[in-house]
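Visitor: Please find one structure pasted underneath; my questions will follow.
Numbering (this note's numbering), first residue to last: -4 to 141.
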């Protein structure tokens, strides 16, 4: 579970404004989506694995098969460790030009030398990802060029 400070920092890193469309796929910590909705009502769309009753727009979707691309101004991901690399790469493809992706990542994704982690690390480097350690997780921020 993310701390309140980490959630607020994620919102700050994502640079959300009122003209953005914000997607939160694979949100393990629903308080993250709740906080975004409180700060920016009306902008949020959350993809979930199971139905939830929230005041913001939600859909039960398998994010790995989702195809809404090039539309989202901001994507914020807090996925399971086993899915984070795949979801971050897919989410980047779904960003509109000039969009920002912010995601939590595990130390393993950033430091391990297995084939998948190495490819993911190359992806981050190719897209000039900003990486920081924040409490008990790492955060990445990627801007999709125009």
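Just so you know, even glycine gets a beta-carbon here, dropped at the ideal spot from N, CA and C.
Is it true that the CB of residue 8 sits closer than 8 Å to the CB of residue 40?
Guide: In the chain shown, residue 40 corresponds to position 45, counting from 1. In the chain shown, residue 8 corresponds to position 13, counting from 1. No; because the gap between Cβ atoms is not below 8 Å, this pair is not in contact.
Visitor: Going by the CB atoms, is the gap between residue 71 and residue 89 shorter than 8 Å?
Guide: For this step, residue 89 is matched to residue 94 along the chain shown. For this step, residue 71 is matched to residue 76 along the chain shown. No, they are not a contact pair.
Visitor: In angstroms with no decimal places, state the Cα-to-Cα distance between residue 4 and residue 133.
Guide: Against the chain shown, residue 4 aligns to sequence position 9. Against the chain shown, residue 133 aligns to sequence position 138. Distance between the alpha carbons of residue 4 and residue 133 is about 12 Å.
Visitor: For the region 95 to 113 and the region 32 to 51, state whether three or more C-beta atom pairs, one from each stretch, are separated by less than 8 Å.
Guide: Verdict: no, contact absent.
Visitor: If we call anything under 8 Å between Cβ atoms a contact, is residue 44 one with residue -3?
Guide: Position 49 of the chain shown, counted from the start, is the residue given in the question as residue 44. Position 2 of the chain shown, counted from the start, is the residue given in the question as residue -3. Going by C-beta atoms, residue 44 is not nearer than 8 Å to residue -3.
Visitor: To the nearest angstrom, report how far apart residue 13 and residue 119 are at their CA atoms.
Guide: The residue labelled residue 13 in the question sits at position 18 within the chain shown. The residue labelled residue 119 in the question sits at position 124 within the chain shown. Using only the alpha carbons, I get a separation of about 28 Å.
Visitor: Just to confirm before moving on: does the CB-CB distance between residue 137 and residue 87 stay below 8 Å?
Guide: Along the chain shown, read from residue 1 onward, the residue named residue 137 stands at position 142. Along the chain shown, read from residue 1 onward, the residue named residue 87 stands at position 92. Yes, these two residues count as a Cβ contact at 8 Å.
Visitor: What is the DSSP secondary structure of residue 68, reduced to helix, strand or coil?
Guide: As a position in the chain shown, residue 68 is number 73, starting the count at 1. Residue state, collapsed to three classes: strand.
Visitor: Where DSSP assigns a beta bridge to residue 14, which residues make up the other side?
Guide: Numbered from its first residue, the chain shown carries residue 14 at position 19. In DSSP, residue 14 forms no bridge with anything.
Visitor: Taking DSSP as the reference, what is the three-state secondary structure of residue 129?
Guide: The residue labelled residue 129 in the question sits at position 134 within the chain shown. In the structure shown, residue 129 sits in a strand (DSSP, three-state: E or B).
Visitor: Could you check if residue 66 is buried or exposed, using at least 16 other CB atoms within 10 Å of its CB as the buried criterion?
Guide: Here the question's residue 66 lines up with position 71 in the chain shown. Burial is judged here by how many other beta carbons sit within 10 angstroms of a residue's own beta carbon; residue 66 has fewer than 16 and is exposed.
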